[in-house]
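As given, the protein sequences belong to chains A and B, one line each in that order.
Oh and the first sequence: position 131 is 131 in our numbering, straight run, nothing missing.
Count along the second sequence starting at 1, add 221, and that's the number in our numbering.
Ideal placement from N, C-alpha and C gives every residue a C-beta, glycine not left out.
Predicted model only: the values in this text are computed from it and were never measured.
Notes follow the structure.
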Amino acid sequence: MALEKMIPLMLDGIRDTMYMTTVSTLFAYLLGLPLAIALVLTSPKGLAPRPLIYRVMDAVVNIFRSIPFLILMILVIPLTRLIAGRAYGSTATIVPLVIAAAPYVARMIESSLLEVDPGVIEAAQSMGASIPEIIFKVIIPEAKTSLIVGATISSGTILGYSAMSGAIGGGGLGQIAISYGYNRYQTDVLLVTVILLIVLMQAIQLIGMYISRKTDKRVRE
Amino acid sequence: MALIELRHLSKTFKGKTQIVEALKDINLEINQGDIYGIIGMSGAGKSTLVRCINFLEKPTGGSVVIDGKDLASLTPKALRSLRQEVSMIFQHFNLLQQRDVRGNIAFAMEIAGMKKADIDKRVDEMLEVVGLTDRQHNYPSQLSGGQQQRVAIARALSTNPKIILCDEATSALDPQTTTSILNLLREINKKMGITIVIITHEMSVVESVCTHVAIIDNGDLVENGTVEDVFSQPKSQAAKKLIFRKAGADMGSLGERMIRIVFEGSASTDPVIASLAMECHVAANIMYADTRDVNGKAFGQMILQLPEDKLQQEKAIYYLQSKGLRVEEVTSGGA
Ligand SMILES: Nc1ncnc2c1ncn2[C@@H]1O[C@H](COP(=O)(O)OP(=O)(O)OP(=O)(O)O)[C@@H](O)[C@H]1O
Ligand SMILES: [Mg+2]
Chain A
1 MALEKMIPLM LDGIRDTMYM TTVSTLFAYL LGLPLAIALV LTSPKGLAPR
51 PLIYRVMDAV VNIFRSIPFL ILMILVIPLT RLIAGRAYGS TATIVPLVIA
101 AAPYVARMIE SSLLEVDPGV IEAAQSMGAS IPEIIFKVII PEAKTSLIVG
151 ATISSGTILG YSAMSGAIGG GGLGQIAISY GYNRYQTDVL LVTVILLIVL
201 MQAIQLIGMY ISRKTDKRVR E
Chain B
222 MALIELRHLS KTFKGKTQIV EALKDINLEI NQGDIYGIIG MSGAGKSTLV
272 RCINFLEKPT GGSVVIDGKD LASLTPKALR SLRQEVSMIF QHFNLLQQRD
322 VRGNIAFAME IAGMKKADID KRVDEMLEVV GLTDRQHNYP SQLSGGQQQR
372 VAIARALSTN PKIILCDEAT SALDPQTTTS ILNLLREINK KMGITIVIIT
422 HEMSVVESVC THVAIIDNGD LVENGTVEDV FSQPKSQAAK KLIFRKAGAD
472 MGSLGERMIR IVFEGSASTD PVIASLAMEC HVAANIMYAD TRDVNGKAFG
522 QMILQLPEDK LQQEKAIYYL QSKGLRVEEV TSGGA
């Protein structure tokens, strides 16, 4: 493909991919964070044990996590239509991306929150801290570094999903790779999209790790 | 009325396979201004007991009354505000790793709902008390264990508590740092009148700071009272084991006359033995000594081997008794 055609095509692809990834990650966190907090609180060893509620949430998360993304995308097409008005394109793809990523994100956050030293939580309890205070003043700030690492990994995964969505009508670099590289045998286009995806993934990784290192107070300087 | 009253306190942990009776019918009164040591072997139930005092652990029986309030009768909110009067410090300090020293001290006051300006002022005061003003912007990872425990003490003091509970607060520290932390606690007790409960498995901690001691053995409170009473005349097997840990070993095989002298706080050890030699010209051989100084007085026991001469023996015994020491025969062939 000619360069003057390739460049605008790729720029559009990058824009769409970044749009899908950031918006999906944002919404996945909006759903995943409360879910993770609820899991941590209601677990049998949590601050407010509710074994039944915990088991139900735990099972729901596991079920969504075990459906392969492409199949989930097809399964939720009616819902996607309902929310986005259509089932293809970048904006529409955000719906299945969020549904697939939220349980994944919830698990990531849950494991970060569980890493917090129980002794520190006990100290807060001994000072008379309430459960919301323990969550927002102790657990989340103490888990900050791990949460940032988790967010880095999660947005990388969502980037991967968004590329995959190109196979059935999602937008962005994934779609370019499928429609030019696979359907029309334009290997050069395929190659460029792959390189761009790698660069994006690296960028996410580097930025995320940099922020997590910079904000961690546990390391001696 | 006692500041802390434990009445028929019991705690049973029910596991899947076994039931652990961690505390059995504990009755204990701790008065305002006491430094109360609670000592026992590992697994005796000390941590469980101290966690029951602020209801971090809900007892399965009996009651905990603090300052006239039965904790079981309090609403969750009232319990949380009571906890602001009962601070706790821990073996592993339990500081917030992502907050600096100032932030950690401020934390307890934020929970207590104090105003920002008041918190700042109080943090400065507390830094002064624990001597960490120059470290106020450091993070816990940049501090030694002793310094971290000082931050924890500052945090515990900041809300003006009536009581400070210490669960093995010095167990992770070296002897020198332990001494400095214990001195700090004693100072706090003296200057501010704060009642302190110290959980430990180290006798030396009780000796150096406590006014009272309770001995816990396998979930039972076997003995309690002033440190002087319990140390000079331990009644229970557990207390004797803790106090005279090595006494009684290898003592029967020597064929000569031996006596046990018991120090009950009346005199210090060294001058007695020295003057026995100087004044009575009796050279006694110290076979075994397990004495300790508590607030400048000696407690414990010493086993002396006396000379062959009968007269000298009587002279020595008479002299020791005149100094107010209890003297007991140690019969050869088994002490
Ligand atoms: N949450 C729990 N569930 C079950 N058993 C427990 C629990 N907490 C404590 N126990 C048991 O209760 C007993 C007393 O434990 P506790 O921690 O109070 O001992 P301790 O005197 O503080 O010992 P150490 O000196 O080792 O800290 C132990 O047998 C322990 O296994
Ligand atoms: Mg313990």
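Which chain D residues are close to residue i, counting only those with a beta carbon under 8 Å from its beta carbon?
i, result
"G46(A)", "Any reference to chain D falls outside this structure, whose protein chains are A and B."
Leaving out the 5 sequence neighbours to the left and right, which residues in its chain are closer than 7 Å to residue i when beta-carbon positions are compared?
i, result
"K461(B)", "P455"
"S263(B)", "H422"
"I53(A)", "T42"
"Y19(A)", "S90"
"S474(B)", "Only weak support exists for where S474(B) lies, its pLDDT of 34 falling under 50; the coordinates are left without a value."
"R86(A)", "A92"
"Q175(A)", "G166"
"L114(A)", "V40"
"M347(B)", "I326, A375, L378 and S379"
Which word fits residue i, buried or exposed, when buried means at least 16 other C-beta atoms lie within 10 angstroms of its C-beta?
i, result
"S268(B)", "buried"
"G476(B)", "Its pLDDT being 40, under 50, G476(B) is placed unreliably in this model, and the coordinates cannot settle the point."
"V503(B)", "buried"
"V138(A)", "buried"
"L364(B)", "buried"
"A177(A)", "buried"
"P78(A)", "exposed"
"N404(B)", "exposed"
"S302(B)", "exposed"
"T238(B)", "exposed"
"V451(B)", "buried"
"D16(A)", "buried"
"Y539(B)", "exposed"
"Q397(B)", "exposed"
"F276(B)", "buried"
"N445(B)", "buried"
"E389(B)", "buried"
Can you give me the start and stop residues for the alpha helix (DSSP H) that residue i sits inside?
i, result
"E250(B)", "It is not in any alpha helix (DSSP H) - E250(B) instead sits in the beta strand (DSSP E) that spans I240 to I251."
"L527(B)", "Careful: L527(B) lies outside any alpha helix (DSSP H) and carries neither H nor E."
"R20(A)", "In the sequence as displayed, the identity of residue 20(A) is Met instead of Arg. Per DSSP, M20(A) belongs to the alpha helix (DSSP H) from L3 to T42."
"T157(A)", "I140 to S165"
"G282(B)", "Element bounds for G282(B): not the alpha helix (DSSP H) but the beta strand (DSSP E), G282 to I287."
Is the Cβ-Cβ distance between residue i and residue j less than 8 Å?
i, j, result
"L295(B)", "G266(B)", "no"
"A101(A)", "T25(A)", "yes"
"A375(B)", "L316(B)", "no"
"Q458(B)", "S392(B)", "no"
"C431(B)", "I419(B)", "yes"
"A327(B)", "V344(B)", "yes"
"V448(B)", "H433(B)", "yes"
"A163(A)", "L147(A)", "no"
"Q368(B)", "R218(A)", "no"
"M73(A)", "S155(A)", "no"
"I482(B)", "C387(B)", "no"
"E408(B)", "V515(B)", "no"
"G208(A)", "A151(A)", "yes"
"V551(B)", "I524(B)", "yes"
"I211(A)", "A28(A)", "no"
"D321(B)", "N359(B)", "yes"
"M108(A)", "I67(A)", "no"
"A123(A)", "I332(B)", "no"
"A505(B)", "T512(B)", "no"
Here's a check: name, in chain order, each residue in its chain whose Cβ is nearer than 6 Å to the Cβ of residue i, leaving out the five neighbours to either side.
i, result
"Y180(A)", "Q186 and V189"
"R272(B)", "E278"
"I402(B)", "Q370 and T391"
"S308(B)", "A377, P382 and I385"
"I287(B)", "I225"
Would you give the residue range spanned by the beta strand (DSSP E) that residue i belongs to?
i, result
"Y509(B)", "N506 to V515"
"A435(B)", "H433 to D438"
"K235(B)", "I225 to K235"
Which same chain residues end up closer than 8 Å to residue i when comparing Cβ atoms and leaving out the 5 residues on each side of it in sequence?
i, result
"G414(B)", "Q253 and G254"
"Q542(B)", "V548"
"V192(A)", "M6 and M10"
"V95(A)", "V76, L79, T80, I83 and A84"
My understanding is that residue i touches residue j, with C-beta atoms under 8 Å, so please give their C-beta distance in whole angstroms.
i, j, result
"I464(B)", "G261(B)", "13 Å between Cβ atoms; not a contact."
"M127(A)", "Q526(B)", "Rounded, the Cβ-Cβ distance is 56 Å, inconsistent with contact."
"E110(A)", "A203(A)", "Their Cβ separation, rounded to whole angstroms, is 27 Å, which puts E110(A) and A203(A) out of contact at 8 Å."
"I259(B)", "A495(B)", "Between A495(B) and I259(B) the Cβ distance is about 37 Å, and since that is not below 8 Å, they are no contact."
"P51(A)", "P44(A)", "6 Å"
"G283(B)", "R228(B)", "5 Å"
"V116(A)", "E142(A)", "5 Å"
"T145(A)", "D58(A)", "Actually they do not touch by this definition, with Cβ atoms about 25 Å apart."
Taking 7 Å as the cut-off, does the CB of residue i come closer than this to any heavy atom belonging to ligand 4?
i, result
"E389(B)", "As for ligand 4, it is missing from this structure, which binds only ligand 1 and ligand 2."
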